[in-house]
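Line by line, the protein sequences are chains B and Y.
Position one of the first sequence corresponds to residue 1 (the numbering used here), numbered consecutively onward.
Position one of the second sequence corresponds to residue 1001 (the numbering used here), numbered consecutively onward.
Virtual Cβ for every residue (Gly too), placed ideally from N, Cα, C.
A short worksheet on the structure shown next.
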Amino acid sequence: MQIFAVLLALLLAPLAATAELLDFSAAEWSRIVRHGPWPPPFKPDPSNRVSGKPDAVILGRTLFFETRLATDRSLSCARCHDPALGWSESRARSEGRAALDRNTPSLLDVRLRRWFGWDGGNDNLWATSLRPILDPREFAASVSSVAALLRGDAKLSACYARAFGRNAGEVDDEALAIDAAKALAAFQETIDSARTPFDDFRDALDRGDRETAARLPVAAQRGVRLFVGKGNCAFCHLGPAFTNGEFHSIGIPFFTAAGADGGRHAGIKSLQASKLTLLGPWNDAPELAAGTATRHVELQHRNFGEFRVPGLRDVARTEPYMHDGSLATLREVVKHYSDFDPERLHGDGEAILVPLKLDDSEIDDLLAFLAALSPTVPPPDASSGPRCE
Amino acid sequence: MRSLASSVLILLAALGAAEACEPPRLEASTRIEGKRHVLLYRSVPSPPPLNTAFGIEIAICAKDGASVAAPRVEAWMPAHRHGMNYRPSVAVKSPGLFRADGLLLHMPGRWEFVFELGGERLTATHDLD
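Structure, rendered in structure tokens:
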């Protein structure tokens, strides 16, 4: 009988271990719950009249995998934004027709952003979709070549007519290229990250269901506590998408072979020189997408070397990390925040960003939490939907 | 003697008037009393949201009775030693009444609203969690 009791205790021990819920304070509870719910409902982008329209998504998906958009037909959007790699790539720095200075940013949850690209050089998804197509270092195409493709290919032409309600032959080159970018944006708005074990934990906390919340491994719970507490991570990686969408210098060098990457400083200058913004003539609903942030963004000295705070959902799939892909693994990223050199930060930068001096177990806990931001089942494959036929 | 006392009383009354003024009415607002101005403000929406653009309605009067120009508005995180990434625009709605737009508080924590007007700097703190 005594042996039976011991065996029973041993059998139940793992259950008891997995059923532990840390004694989160009310403040921690509140900060954790702020990272949800997930997913947020879809809201069409008012600046893009085909946002959310299925026919535009089909055209956009087709164009996303279309190598004929590039002058030499060697590149497509999917070459660098690989669906299997969190819509990013494994190379540290992108390579188009020439070597580039930055890592390819993931497109997961891109519809939720305020600014696009590592430097926020665009304030909308359609303009940022057109940028690599026209960049001589990437697709090296022109509005004329994009327009010629849409007009000359019967399937694309028919697809365009369904999506936009007009014939490609009746539209001038620039408008047609921007429409192509708007279709690409409509497709990318469907690239959502799936729910994760963290979301089940967060929702359980929110409804007071301690038993379900306790299913998150204790190491990950300790990692959450670090994330919203000592780590100060949630100051910038805030909200359901785990980003405030703004820009910070975090001590990653920004020197390049050609000199320096100005980051947000260069991004604001580029934004203010562009006519493809929410303040420009191609915004389809300026009364709804007023461009308030664009109108008020301020160029400051500290913007030099700042880069966009990336979201953390499904982050394990998008290595390498940082704007220049200089950190190969998530462990390196956490160790960076633990040990970085404060001398590399701007004097007028973020004062609360200090080396965390984490011990090995704390690093493991943060990694366990970041792992809990990966879905347990693959997200719906946005790349496998219908294409123009 | 009576004439001197009257003069002193009149002077005191005048000084008292110079130390008080009433800004245009602004419901559900926060009041800041400066040496030279009284300022009422309320965020729209209220309370100010985290990481979303919002506006501030402002009512001001000058204690010396002078007309008031549009204030300069900013927000600052003292503990972080940085402000916003945005410069608000300020429009005059009517004499003494203003509207600032384009504020965006991109981090949780303690923020300080700063109103600069006529050489005076008025501040108020908001904890954003």
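At least one beta carbon of chain B lies nearer than 8 Å to the beta carbon of S1089 (chain Y). Annotation for L1122 (chain Y): I1032, G1034, L1039 and F1115 place their beta carbon closer than 6 Å to its own, counting only its chain and skipping 5 residues before and after.
Proximity of the region 76 to 86 of chain B to the region 1019 to 1028 of chain Y falls short of the contact definition, fewer than three beta-carbon pairs being nearer than 8 Å. Between the C-alpha atoms of A260 (chain B) and R102 (chain B) there is a straight-line separation of about 12 Å. Within the same chain, and ignoring the five residues on either side of H35 (chain B) in sequence, the residues whose Cβ sits closer than 8 Å to its Cβ are F198, R202, A234, L238, G239, P240 and F242. The beta-carbon of H1080 (chain Y) is placed less than 8 Å from the nearest beta-carbon of chain B. Here K357 (chain B) is exposed. Its C-beta has fewer than 16 other C-beta atoms within 10 Å. Proximity of G311 (chain B) to chain Y, defined by a Cβ-Cβ separation below 8 Å, is not satisfied. Exclusion of the five residues before and after A141 (chain B) leaves L69, A70, T71, I133 and L134 as the residues of its chain whose Cβ lies within less than 8 Å of its Cβ. For the pair R387 (chain B) and T62 (chain B), the Cα-to-Cα distance works out to about 5 Å. Proximity of P1047 (chain Y) to chain B, defined by a Cβ-Cβ separation below 8 Å, is not satisfied. Note: G259 (chain B) is bridge-paired with B:T256 in the DSSP secondary-structure output. Assignment of C388 (chain B) by DSSP, reduced to helix, strand and coil, places it in the coil class. Looking at Y:L1050, Y:V1092 and Y:I1060, the one whose alpha-carbon comes closest to that of Y1041 (chain Y) is Y:I1060. Here the region 288 to 296 of chain B lies against the region 1098 to 1118 of chain Y, with 3 or more beta-carbon pairs under 8 Å apart. In this structure S249 (chain B) touches L345 (chain B) by the C-beta definition: roughly 6 Å separates them, less than 8 Å.
Membership of E1120 (chain Y) in the beta strand (DSSP E) is indicated by the continuous run E1120 to L1128. In the structure shown, D82 (chain B) adopts extended strand secondary structure according to DSSP, grouped into three states. Here S144 (chain B) has D173 as same chain residues with Cβ atoms under 6 Å from its own Cβ, once five neighbours each way along the sequence are excluded. Where F340 (chain B) is concerned, there is no enclosing beta strand (DSSP E), because DSSP gives it neither an H nor an E. Straight-line spacing of the CA atoms in T212 (chain B) and N124 (chain B) works out to 39 Å.
Under DSSP, N122 (chain B) takes part in a beta bridge, and its partners are B:F116.
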